[in-house]
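**Student:** For the numbering used here, add 14 to where a residue sits in the sequence shown, where the first one is 1.
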Amino acid sequence: MVTRIAGGVLRGRRLRAARSRGLRPTSERVRAALFSILGAEAVDGAKVLDLFAGTGALGIEALSRGAARADFVEAHGGRCGEIRRSLEEFGLDETGRVYRGTVPRALDGLEGGYDLIFVDPPYDVEDWQGLMERIGEGNLMSDTGLVAVEHSSRRPLEGAYGRLARVERRTYGDTALSIFAIGGRDG
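#1: Suppose contacts are defined by Cβ-Cβ distances below 8 Å. Is L154 in contact with L121 by that definition?
#2: If you draw a straight line from the C-alpha of M146 to the C-alpha of P135, how long is it?
#3: Could you tell me whether the stretch 110-127 touches the stretch 41-52, where touching means 3 or more Cβ pairs closer than 8 Å?
#4: Select from E172, G152, L124 and R180 the residue whose C-alpha is nearest the C-alpha of A208.
#5: From the DSSP output, read off the bridge partner residues of L106.
#6: On a Cα-Cα basis, can you pick out the residue from F66, A89, C94 and L52 that is closest to R30?
#7: Following the continuous alpha helix (DSSP H) through V117, name the residue where it begins and the one where it ends.
#8: Check F49 in the structure and name its three-state DSSP category.
#9: Looking at L52 and A12, is the spacing between their C-beta atoms short of 8 Å?
#10: According to DSSP, is V139 helix, strand or coil?
#11: According to DSSP, is V112 helix, strand or coil?
#12: Would you kindly report the start and end of the unbroken beta strand (DSSP E) that includes G6?
#13: Look at the alpha carbon of G152 and the alpha carbon of A81, and state the distance between them as a whole number of angstroms.
#14: Please list the terminal residues of the continuous alpha helix (DSSP H) segment that includes L78.
Have a look at this one:
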């Protein structure tokens, strides 16, 4: 499976990942649209968290576009190794860290203060309420942080989860992107 970086200094470079059941990398088209929606100011110099990282494409794309640092959380050990190899290949091993574990467990150990959090779980995830409220609580996010969620367009998300309120929603076929901010600030 090959995924290309859509923009930034690594534009056109390829992430290689073994085909794996349950792996659904964000398409290049949807990633490009997401970063266009977010805008350069949301990414440049940002501290990024890529949850359910898979191939690491979202976090690596953010680093390519000027993010200062990215942390990746992935439960599958082989995928963690692939993300680490990609970071090393692209010279990003000093700015990217990979954590192996489930998202709920990892959220307990992360230092927080993230400016941009990507959430791309399997489309059949059941507990959106708990997951999103957990992301919005405590100090995981900076006060001006954004949460970018990829989900099935057939399963719309609520407009708010605890402190998080949706500020944008776009649909691309079977894929939807929802952007949340604390208190729903204008983005």
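Built from N, CA and C at the ideal position, the CB exists for glycine as well.
**Tutor:** According to the structure data:
#1: What you label residue 154 is simply residue 140 of the sequence shown in a count that begins at 1. What you label residue 121 is simply residue 107 of the sequence shown in a count that begins at 1. Yes. Within cutoff.
#2: The residue you call residue 146 lines up with position 132 of the sequence shown. The residue you call residue 135 lines up with position 121 of the sequence shown. Answer to the nearest angstrom: the Cα atoms are 12 Å apart.
#3: no
#4: This structure gives no information on residue 208, because the portion of the chain shown stretches from 15 to 201.
#5: Residue numbering aside, residue 106 sits at position 92 when the sequence shown is read from its first letter. Note: L106 sits in no beta bridge, so no partner.
#6: Reading the sequence shown from its first residue, position 16 is the one you call residue 30. Among F66, A89, C94 and L52, the Cα nearest to that of R30 is on C94.
#7: As a position in the sequence shown, residue 117 is number 103, starting the count at 1. Where V117 is concerned, the enclosing alpha helix (DSSP H) stretches over V117 to G123.
#8: By one-based count along the sequence shown, residue 49 stands at place 35. Helix, per DSSP.
#9: Because the chain is modelled from 15 through 201, residue 12 falls outside the range shown and cannot be assessed.
#10: One-based indexing of the sequence shown puts residue 139 at position 125. Here V139 sits in coil by DSSP.
#11: Working through the sequence shown from its first residue, we reach residue 112 at position 98. If DSSP states are grouped into helix, strand and coil, V112 belongs with the strands.
#12: Past the boundaries of the shown model lies residue 6; the chain is included only from 15 to 201, so the question cannot be answered.
#13: Position 138 of the sequence shown, counted from the first residue, corresponds to residue 152. Position 67 of the sequence shown, counted from the first residue, corresponds to residue 81. C-alpha separation (whole angstroms): 23 Å.
#14: Here residue 78 refers to the residue found at position 64 of the sequence shown. The question names Leu, but residue 78 in the sequence shown is Ser. It spans A71 to S78 - the alpha helix (DSSP H) in which S78 sits, taken as one unbroken run.
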